[in-house]
Amino acid sequence: MTITLTGVSKVFGDFTAVHPLDLTIPEGSFFALLGASGCGKTTTLRMIAGLEEPTGGSIRLGDDDITGLPPHKRPVNTVFQNYALFPHLDVSENVAFGLRRRGVTSVQKQVEEMLELVELGPLAHRKPRQLSGGQQQRVALARALINRPQVLLLDEPLGALDLKLRRQMQLELKRIQTEVGITFVHVTHDQEEAMTMADTVAVMNGGRVEQLGAPDELYENPRSTFVANFLGTSNLIEAEITAVEGEELRLKAVGADTVLRLPAQRCAVEDPRAGGKVLVGVRPEKISLTRAEDADSSDAAGAIREGSNLLTGRIRDAAYLGVSLQYVVDSPVCPEFSVYEQNVERDTRLVPGTEVVLHWQPSHTFALDAAQDADAGTVEEAL
Amino acid sequence: MTASTVPAAAGAAPPSQQPSPETGSSGDGQGPGPRRRLTPYWLLLPAGLWLAVFFVAPFFYQASTSVQSGSLEEGFRVTWDFTNYSDALATYGPHFLRSFLYAAVATLLCLLIGYPLAYMIAFRAGRWRSLLLVMVIAPFFTSFLIRTLAWKTILSDSGPVVGVLESLHILDFTSQLGLTGDDRLLATPLAVVCGLTYNFLPFMILPLYSSLERIDLSLHEAARDLYAKPTTTFRKVTFPLSLPGVVAGTLLTFIPASGDYINAQLLGSPNTQMIGNAIQKQFLNVLDYPTAAAMSFILMAIILIAVTVYMRKAGTEELV
Amino acid sequence: MAADSPALAPLRWLRRNAVVIAGLASLGYLLLPNVVVMLFSFNKPAGRFNYEWRTFSTDAWTDPCGVADMCGSLGLSLQVALLATLFATAFGTFAAFALARYRFRGKGTGNALIFLPMAMPEVVMGASLGTLFLNTRVAFGFVTILIAHIMFCLSFVVVAVKARVMSMDPRLEEAARDLYAGPVQTFVRVTLPLAAPGIAAGAMLSFALSFDDFIITQFNAGPSTVTFPMFVWGAAQRGVPVQVNVIGTAMFLIAVAIVLGGQITANRRRRAR
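Chains as they are written, first to last, in the numbering used here: chain U, -7 to 375; chain Z, 2 to 321; chain P, 32 to 304.
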């Protein structure tokens, strides 16, 4: 069932948790609300569940307006953060809770089937505190799914699990969603989790949706510095547009003479024109490094492709991570350029102090409005 | 062995059960409707009304009674006669002093006796912990009057305690201090204080235990790791962290002890009467209600002031 | 490090276990009177007072109600304690929910009103409530005792229940509402079972406090309503029958058996899983 939020907002006292929000979550999709804590994602979820009353706007489920409906009358169920399992009831009674409240008398068979689905059959008569975190998580999931809700809401469902278990449960949740085919709305602060599972991700910041789209779309073509920094890492350079040539923009980085190019549709600035200021971005893994002295010879290791964007710099730091190599490069245009190289043909001469040329494809470049905080969404900002 | 380790849990907050800031303000969905806004008042009404009528209102009656004069035969009338107060203080000044002195000493003794037990149950009892706690509460199950009477047996003139103390010449020493007399323990201030200490000891132990139990053991390890001797660990870490329990325990002991008259009656003599005895006698035997009311009012005022000052002082000390 | 001489070993052991020794000594002090009460329930005293040991006898145990009025007063105390517990637990639980769950004008006053009875000596509360009844010409008796007991039990119930309710995760009730439980069902199926340990603790405390109260009762009882503690008080002046010790010992043993039994079954249940 499609969920439609129209102008939904929530104000607590003088704090606006959610600014008027329009959102359509299509039927059968796995939809993630991604953002740091306090960004309004959980409040949005709770308004869909009915646990929070919107200050303004309306929520529709299919064609029905459910804005004023109390939670127990909504065909929507939630997997709570820390699961909120009833400590006084055993596993099977926890799972049967929703059915019993709706007056279903013979719940035994359904409960057994559901516990089978989440592989908890043998633990049916344990109390929640006798279960591990992963098992509790499955009970919470079973307790919600047994009601065959039209929408399942998940509030940081994997937050309390350790890394390995979290990876496993990510895949399992995705499998279950495909199996039951109902709409999942998933709130998380973990970008990897959102990208692994969701078809569509809405990145929220300060009570607003910054950008909405498929995970690869968000990653490859972020439209704001927050998205660029919160999803993965981005190198952002201040630059000025020098020319608009058809479908291509030409720019000059502040502090360097080289010309940078990028496709016009990868520029988030509306109506770009010559003289305008932008922030040019590129992901660390899209950049290649070539030693400055090899830059002119076309047959040397790491030859520079024709038409690449080029910058010069000097390696400050190099870290060997096994699967990749991470460099920090000082460049006149950007003091700390991150570069990740796949560990395929490792150039052992790339040590700190080496003068290098950084080069990448114009199609991997993006441009953002320069009027934003370049550090929005970074870890440093969060601290 | 001088390596400083970081105990795994020291300082690390336990897995938070607190709702995140995003969910925190929601409470339990108290909507703005007028019915919901009245709910807490309805819930509070029976208890609040009961306490207002049978706890607060009596103080006003008592206040008015305390400024009445007259006699039982002619009836009492409000005459704004404050001599009830001055008379009470003049006649029963020693009772007041004795009450607070005995209660203070008993509270101190409770702290000294109760702390090791609370500490032992919290940190050294292992699997015996719940059994020991039951044993601390167990005396409550026997009527405390019966238990106080048992002290009459224990401290009796021909009993073993007097015998031992006599042969060790301790009784001679204490009678020189004026705590005992005539080679006996019963009917002495010592017996009264002993009974008070005994009666209110669990009220000291339980709050002490609950604040000690909350202390993370890794804090002890951290202190030891940072070169603190066991005694220093206790002085600088354990005791300061148990202060809330000390404050609660001393209040729960001192307040009832200062108003008690059972121990003074059963274990003491006319020379060890406390203010409770005086109030009880005036109210129930002499039927001089104005004097009883005045004394009760003075006792209440002194305790309220003392408690307020003490809590404020304890509160600021905690901040330092 | 000081030299570890074997001669100092007992001293070191003593120092390491000083806390345990002191703790056990305190426990002994605490339990000594109960032992004496138990012992003297088998005494056959010479006179009216049961303070000195004569000979072993089970007379009192075979005839516990052999003393005039004692078992009647015991019955009265049980009656008062049960009723006071019932009312105090109900009213106190309501108030605890109000104070733990809601934000409202006057909450501070409410909290102070609950706290004050616990910060007041019993003799003050007893005397002032007695003054109220005298002034309003209410006859002292069963009702006045019950009123007084409910009054001083209330605060303890509120404190016990409030602590429990405050520690309850509000998400559990949200989960119930999310799982199709209406307000009433949420309360009956989730809130109440979760708060039950606090309510039970408050009720047990009420019962114990009411059953054992003497001071406030003495100021508010009538001539024909003698509770068990009042009987003991009277007996202490006239002569204490051995049966008093029998009742004290029996209460002690029953209560300890209930608590230990509860703990053992809880342990066994935990281990069985």
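All C-beta atoms in this analysis are idealised placements derived from N, C-alpha and C, irrespective of residue type, glycine included.
Quick caveat: nothing in here was measured; it's all calculated off a predicted structure.
Tell me the DSSP bridge mates of residue i?
i, result
"L25 of chain U", "U:V179 and U:A194"
"Y75 of chain U", "U:F72"
"T16 of chain U", "U:T(-4)"
"D376 of chain U", "Coverage of chain U is limited to positions -7 through 375, which leaves residue 376 of chain U absent and any answer about it impossible."
"P255 of chain U", "U:E240"
"V143 of chain U", "U:V68 and U:T175"
"R185 of chain Z", "Z:G182"
"R52 of chain U", "U:T(-4) and U:D57"
"R283 of chain U", "U:V348"
"N74 of chain P", "P:F87"
Are the CB atoms of residue i and residue j nearer to each other than 7 Å?
i, j, result
"A294 of chain Z", "T66 of chain Z", "yes"
"A9 of chain U", "H181 of chain U", "no"
"M106 of chain U", "V131 of chain U", "no"
"A362 of chain U", "K269 of chain U", "yes"
"N74 of chain P", "N65 of chain P", "no"
"F242 of chain P", "S72 of chain P", "no"
"G54 of chain U", "T175 of chain U", "no"
"N251 of chain P", "T167 of chain P", "no"
"D147 of chain U", "F72 of chain U", "yes"
"K166 of chain U", "M189 of chain U", "yes"
"V263 of chain P", "L112 of chain Z", "no"
"L118 of chain Z", "L58 of chain P", "yes"
"A139 of chain Z", "V287 of chain P", "yes"
"A89 of chain Z", "M296 of chain Z", "yes"
"V377 of chain U", "G305 of chain U", "This structure gives no information on residue 377 of chain U, because the portion of chain U shown stretches from -7 to 375."
"V98 of chain P", "N276 of chain P", "no"
"S159 of chain P", "Q63 of chain Z", "yes"
"A207 of chain P", "V221 of chain P", "yes"
"I276 of chain Z", "F83 of chain Z", "no"
"A231 of chain U", "A245 of chain U", "yes"
"Q69 of chain Z", "V54 of chain Z", "no"
"T(-4) of chain U", "R52 of chain U", "yes"
"P59 of chain Z", "L163 of chain P", "yes"
Going by CA-CA distance only, name the one from the options that's closest to residue i.
i, options, result
"D286 of chain U", "U:E185, U:R159 and U:T346", "U:T346"
"S316 of chain U", "U:Y332, U:P327, U:R306 and U:I307", "U:Y332"
"L187 of chain Z", "Z:S211, Z:T149 and Z:F174", "Z:T149"
"A143 of chain P", "P:V192, P:C184, P:L130 and P:Y82", "P:L130"
"L112 of chain U", "U:R92, U:V96, U:A134 and U:T97", "U:A134"
"Q283 of chain Z", "Z:A119, Z:S72, Z:L209 and Z:Y42", "Z:S72"
"T217 of chain U", "U:R118, U:G273, U:R242 and U:A295", "U:G273"
"A227 of chain P", "P:L62, P:A53, P:F125 and P:V50", "P:F125"
"P214 of chain U", "U:L(-3), U:V348 and U:G369", "U:G369"
"L302 of chain U", "U:V219, U:L163, U:V348 and U:G126", "U:V348"
"I40 of chain U", "U:Q127, U:L26, U:N69 and U:F7", "U:N69"
"L137 of chain U", "U:Q169, U:A295 and U:R306", "U:Q169"
"G78 of chain P", "P:G279, P:I295, P:L291 and P:V273", "P:V273"
"F61 of chain Z", "P:G161, P:L284, P:A49 and P:R46", "P:G161"
"V325 of chain Z", "Z:T251, Z:S168, Z:L268 and Z:I122", "Outside the modelled stretch of chain Z, which goes from 2 to 321, sits residue 325 of chain Z, for which no answer is possible."
Contact check, residue i vs residue j under 8 Å by CB: the rounded distance?
i, j, result
"P18 of chain U", "T35 of chain U", "Not a contact, Cβ separation roughly 22 Å."
"S1 of chain U", "L15 of chain U", "Wrong, their Cβ atoms sit about 12 Å apart, outside the cutoff."
"A248 of chain U", "P324 of chain U", "5 Å"
"Y103 of chain Z", "L197 of chain Z", "6 Å"
"G342 of chain U", "A310 of chain U", "According to the sequence displayed, residue 342 of chain U carries Leu and not Gly. Yes, L342 of chain U and A310 of chain U are in contact; Cβ-Cβ is about 6 Å, under 8 Å."
"Q100 of chain U", "L91 of chain U", "Actually they are not in contact, since the Cβ atoms of Q100 of chain U and L91 of chain U sit about 10 Å apart, beyond 8 Å."
"R225 of chain Z", "T234 of chain Z", "6 Å"
"P95 of chain P", "I278 of chain P", "7 Å"
"T256 of chain P", "F173 of chain P", "5 Å"
"I206 of chain Z", "V137 of chain Z", "5 Å"
"S237 of chain P", "V189 of chain P", "Incorrect: roughly 11 Å between the Cβ atoms, too far for contact."
Can you list the beta strand (DSSP E) stretches of 3 or more residues lying completely in the region 299 to 372 of chain U, in chain order? 301 to 312, 316 to 323, 326 to 334, 347 to 352 and 358 to 361
Threshold first: 4 residues or longer. Then list the alpha helix (DSSP H) segments lying entirely within the region 82 to 162 of chain Z, N to C. 84 to 120, 130 to 138 and 145 to 155
Runs of alpha helix (DSSP H) wholly within the region 100 to 147 of chain P (minimum 4 residues, chain order): 101 to 132 and 138 to 146
Restricting to runs no shorter than 3 residues, where is the beta strand (DSSP E) found entirely within the region 173 to 213 of chain P? none
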